[in-house]
Every structure is written in structure tokens, then in C-alpha cells.
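Asker:
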Amino acid sequence: MTDEAAHRTFDDLIAEGASVPTEGWDFSWFEGRASEARPSWGYAKAMAGRLAGAGAALDIQTGGGEVLDFALANAPGRPRLAVATEGWPPNLAKATALLRPRGVAVVASPEDAPLPFADGAFDLVVSRHPVEARWEEIARVLEPGGVYFAQHVGPGSVYELVEYFLGAQPDERRDARHPDRERRAAEAAGLEIVELRAERLRVEFHDIAAVVHFLRKVIWMVPGFTVEAYLPRLRALHERIESEGAFVAHSTRHLFHARKGGAGRASRP
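The sequence shown maps to residues 802 to 1070 in my numbering.
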């Protein structure tokens, strides 16, 4: 807990966590209030390297565009064509404002709709933490030899926090994002898995405001979360953090490097 937070009341912290804007995937607000270990592969920098060698690149579910913006800023070269999709209007506006100066076209596309692009339009598709990987669509928009390079949220991610609020979850929900399941689905769509790596990482929440903001921002963790609905559990967790220290959970992440069969004009290893 930060020194400032240590002198604030439960009501103050709840009000702050409930008022912080949730648009985009900028998590800088959490500094000093929550922490998450990062995967060893360094996805954003690895994405930058991939973008440097691409001809036409697509970033699916870009959020506020922060990861793509970082990758383009740090890439030694850039693709001839860069496009991003996003389905949530507040994120769409933020991503457009951030990425348009870099020459990226940001396209409104709901997560559950077909991608609005022609077959074989891209030699590189990237995504960081897609809600769901729609493998048939990813394979369709990749040219032969094209690459899908993404970081996914894994199974049971931050479930210590989820189950604190919801109780024990069924195995079907806990394992829905298992990398073995996703491997099989990707292969069924015609993609060859070049590399698949998984890691389990420590997460710490140092005050209750961080918990509230996290659950408002990552809305699929506790569906329908509101402060009012969970106020007794929030108060109990606040008291636990004050007496015992940070609430510890674990995130899971996996890195996908997949390739569409065939030889395209910009086939990558």
C-alpha cells in the first residue's frame, strides 16, 4: 500500500477506484498500488521486431492502441500498411487519436464479428490479450506463409481474486483459455504452431482502490461487477490487506507464434 493510501479511509479508496477512467490498456495508474510480473519474452518489444519485417500488419483488439504505439515507436522499420481493430467505442476513440499520427488505420470491428478485410490481406497479425482468438478469421486474413504473433491470457488468470468474489469456479471456465485447447483450435483452422510458451506470474494488490479499478477495467473477471453489489466483500478485503499486506494472485500468459501454410510473398520464419 502507498503511504498516501495508508492514510485514506475505506470510503476514500473505494471512491477513487470507482472514478478512475477505464479506457484503453494503459495500466500506469496502478504503479505503487498493484504490480504484476512480466513474461520473460517481452511481448511489446518482440512485436516491434516482427513489425519491422512485415509488409502489411493487423493488430486485432488493439484496446487504446498503447501496445501497438509502443511497438511502432521501437521498431527499426515499419510495415507498408498497418491497421488495427477495436470494438469498444471509448477505446476506439482513444486508439484512433493515438495511432492516426503514426499512419495506422483504426477500424471499428466488434469482437464477435468477421474481420472486415479480404482473404490473405496481411502477412502479419498481432494481438495482445484478445478476448477470444477467432482462429478461422485470423487464418483467413493471413496470406500463405503469414504469421500470427500474439500474447494471450491463459487459464485461471488472477483466479484467486475472481474466486474471492464469486466462489469456486467450474473447471470449464477456469480452463477455457488453456494453451492446449487454443493450439488445437489454431491447428484446426489451418495454422502451424511454431512456438507456444506459457508462464505463471505473481500479481499483488496493495490497496482496495486497485482492486476496484482492476475489476472495472478487466470486466470479464467478475461479470457485472459494481461496488454496490460487492461492498461487504470489498470491505472485508480492505481489512485483510491492511492487516496482512498485499493480496496475492497469479496471472497466466502464453505466447503464440503460428504460421499459415503455403509460401506467400512475405513469408516469415
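Heads up, the beta-carbon is just placed ideally off N, CA and C, and yes, glycines get one too.
When the Cα atoms are used, what is the spatial distance from Ala-1064 to Arg-1001?
Answerer: As a position in the sequence shown, residue 1064 is number 263, starting the count at 1. As a position in the sequence shown, residue 1001 is number 200, starting the count at 1. Roughly 35 Å between the two C-alpha positions.
Asker: Output the distance between the C-alpha atoms of Asn-875 and Gly-888, rounded to the nearest integer angstrom.
Answerer: Locating residue 875 in the sequence shown gives position 74, counting from the first residue. Locating residue 888 in the sequence shown gives position 87, counting from the first residue. Whole-angstrom Cα-Cα distance: 26 Å.
Asker: Just to confirm, are Ala-819 and Arg-1017 a CB contact at a threshold of 9 Å?
Answerer: Position 18 of the sequence shown, counting from 1, holds the residue named residue 819. Position 216 of the sequence shown, counting from 1, holds the residue named residue 1017. Yes.
Asker: Please report the distance separating the alpha-carbon of Gly-968 from that of Met-848.
Answerer: Position 167 of the sequence shown, counting from 1, holds the residue named residue 968. Position 47 of the sequence shown, counting from 1, holds the residue named residue 848. Computed Cα separation, rounded: 37 Å.
Asker: Could you name the residues that DSSP lists as bridge partners for Ser-1052?
Answerer: Residue 1052 sits at position 251 when you count from the first residue of the sequence shown. Leu-1002.
Asker: I need the straight-line Cα distance from Glu-920 to Arg-1041, nearest angstrom please.
Answerer: Position 119 of the sequence shown, counted from the first residue, corresponds to residue 920. Position 240 of the sequence shown, counted from the first residue, corresponds to residue 1041. The displayed chain sequence assigns Asp, not Glu, to residue 920. Approximately 53 Å between the Cα atoms of the pair.
Asker: Pull up the CB-CB distance for Arg-1054 and Pro-840, whole angstroms please, since I reckon it's below 8 Å.
Answerer: Walking along the sequence shown from the start, residue 1054 turns up at place 253. Walking along the sequence shown from the start, residue 840 turns up at place 39. Rounded, the Cβ-Cβ distance is 5 Å, consistent with contact.
Asker: Among the candidates Leu-962, Leu-893, Pro-971 and Leu-943, whose CA atom is the shortest distance from the CA of Ala-1050?
Answerer: Indexing the sequence shown from 1 puts residue 1050 at position 249. The residue with the shortest Cα to Cα distance from Ala-1050 is Leu-962.
Asker: Can you tell me where the alpha helix (DSSP H) with Gly-946 in it begins and where it stops?
Answerer: Locating residue 946 in the sequence shown gives position 145, where the first residue counts as 1. First-last for Gly-946: 943-954, but that is the beta strand (DSSP E), not the alpha helix (DSSP H).
Asker: What separation, rounded to the nearest whole angstrom, lies between the Cα atoms of Gly-991 and Lys-1061?
Answerer: In the sequence shown, the residue the question calls residue 991 occupies position 190. In the sequence shown, the residue the question calls residue 1061 occupies position 260. So the two alpha carbons sit approximately 6 Å from each other.
Asker: Short of 7 Å in beta carbon distance, which residues of its chain neighbour Val-821, apart from the five on each side in sequence? Order them along the chain.
Answerer: Locating residue 821 in the sequence shown gives position 20, counting from the first residue. Excluding sequence neighbours, Val-821 sits near Trp-830 and His-1014.
Asker: Helix, strand or coil, according to DSSP, for Ala-914 in the structure here?
Answerer: For the purposes of this step, residue 914 is taken as the residue at position 113 of the sequence shown. Coil, per DSSP.
Asker: So, under 8 Å CB-CB, Leu-899 and Pro-880 are touching, yes? Tell me the CB distance rounded to an integer number of Å.
Answerer: Counted from its first residue, the sequence shown places residue 899 at position 98. Counted from its first residue, the sequence shown places residue 880 at position 79. Contact doesn't hold; Cβ gap of about 17 Å is too wide.
Asker: Can the beta-carbon of Arg-834 be found less than 9 Å from the beta-carbon of Leu-873?
Answerer: Taking the sequence shown and counting its residues from 1, the one referred to as residue 834 is at position 33. Taking the sequence shown and counting its residues from 1, the one referred to as residue 873 is at position 72. No, Cβ-Cβ distance for Arg-834 and Leu-873 is not below 9 Å.
Asker: Per the contact definition of three or more C-beta pairs closer than 8 Å, is the stretch 981-991 in contact with the stretch 923-941?
Answerer: Contact between the stretch 923-941 and the stretch 981-991 is present, because at least three Cβ pairs lie under 8 Å.
Asker: Where does Lys-846 land, buried or exposed, given buried means 16+ other C-beta within 10 angstroms?
Answerer: For the purposes of this step, residue 846 is taken as the residue at position 45 of the sequence shown. Lys-846 comes out exposed.
Asker: To the nearest angstrom, how far is it from the Cα of Ala-864 to the Cα of Gly-825?
Answerer: Mapped onto the sequence shown, residue 864 falls at position 63. Mapped onto the sequence shown, residue 825 falls at position 24. Per the sequence presented here, residue 864 reads as Gly, with Ala not at that position. If I take the Cα positions, the gap works out to 5 Å.
Asker: Please specify which runs of the beta strand (DSSP E), each continuous and at least 3 residues long, are wholly inside the stretch 811-884, giving them in chain order.
Answerer: Whole beta strand (DSSP E) segments, 3+ residues: 835-837 and 857-860.
Asker: What do you reckon, are the CB atoms on Phe-923 and Arg-1034 nearer than 9 Å?
Answerer: As a first step, residue 923 is located in the sequence shown; it is residue number 122 there, counting from the start. As a first step, residue 1034 is located in the sequence shown; it is residue number 233 there, counting from the start. Cβ distance not < 9 Å, so Phe-923 and Arg-1034 don't count as in contact.
Asker: Mind checking which residues open and close the beta strand (DSSP E) that includes Ser-928?
Answerer: Counting from one through the sequence shown, the residue named residue 928 turns up at place 127. Where Ser-928 is concerned, the enclosing beta strand (DSSP E) stretches over 923-929.
Asker: Tell me the rounded alpha-carbon separation between Pro-931 and Tyr-1031.
Answerer: For the purposes of this step, residue 931 is identified with residue 130 of the sequence shown, where counting begins at 1. For the purposes of this step, residue 1031 is identified with residue 230 of the sequence shown, where counting begins at 1. Those two C-alpha atoms are separated by around 27 Å.
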